[in-house]
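Reading through the structure tokens given below for one structure.
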Amino acid sequence: MTKTADQRRGEERILYDAFMAACPTRQVFATIGDKWAGLVVNALADGPRRHGELRTRIAGASQKMLTQTLRTLERDGLVTRTVTPSVPVRVDYELTPLGHTLVPILAALKGWAESNIGDILQSREDYDAKVVAA
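Following this line, the structure appears as structure tokens:
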């Protein structure tokens with residue numbers, strides 16, 4: 001039986017429900033929810049960067065962690081890796097069009113975290129004091 005585009009889209013909406021245990025969209029939450037992935041996407045928002053530039057921009061990111069994160073983002077189609085043959089070889093990372101769609105979301109999350117960290121730290125301190133007192 002042939003299905004219309006609306007029918008196929010309706011089935012996909014049902015199939016891709018992040019609240020369902022087997023939904024593959026949960027993998028996207030795991031990738032994008034990772035602190036390094038969010039920082040890499042934000043760092044690449046202004047254009048391509050080399051690995052060393054990303055390490056400098058993202059304080060605390062080890063070479064291994066940054067490499068793993070870039071590979072995951074590349075696998076998901078969010079980042080491209082371009083190798084330019086030269087001495088030494090030049091490798092640039094850049095957001096794909098799909099990756100660029102994440103920039104406003106992750107930039108908003110970054111801004112929210114930076115704006116509200118004072119309140120969050122105070123809440124943690126208050127909570128910890130109550131737990132110790134109990």
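Quick note on the UniProt record's numbering: the sequence shown kicks off at 1 and runs consecutively.
The C-beta atom is built at its ideal place from N, Cα and C for all residues, glycine as well.
No experiment lies behind these values; they were computed from the predicted model shown.
{"Check": "Cβ pair count under 8 Å reaching 3, the region 50-60 against the region 24-33", "Outcome": "no"}
{"Check": "THR96 vs ARG90 beta-carbon contact at 8 Å", "Outcome": "no"}
{"Check": "Whole runs of the alpha helix (DSSP H) within the region 59-87, excluding any shorter than 4 residues", "Outcome": "63-75"}
{"Check": "Exposed unless 16 or more other CB atoms sit within 10 angstroms - verdict on TRP36", "Outcome": "buried"}
{"Check": "Residues bridged to GLU94 [DSSP beta-bridge criterion]", "Outcome": "THR80"}
{"Check": "Cβ pair VAL41, LEU102 closer than 8 Å", "Outcome": "yes"}
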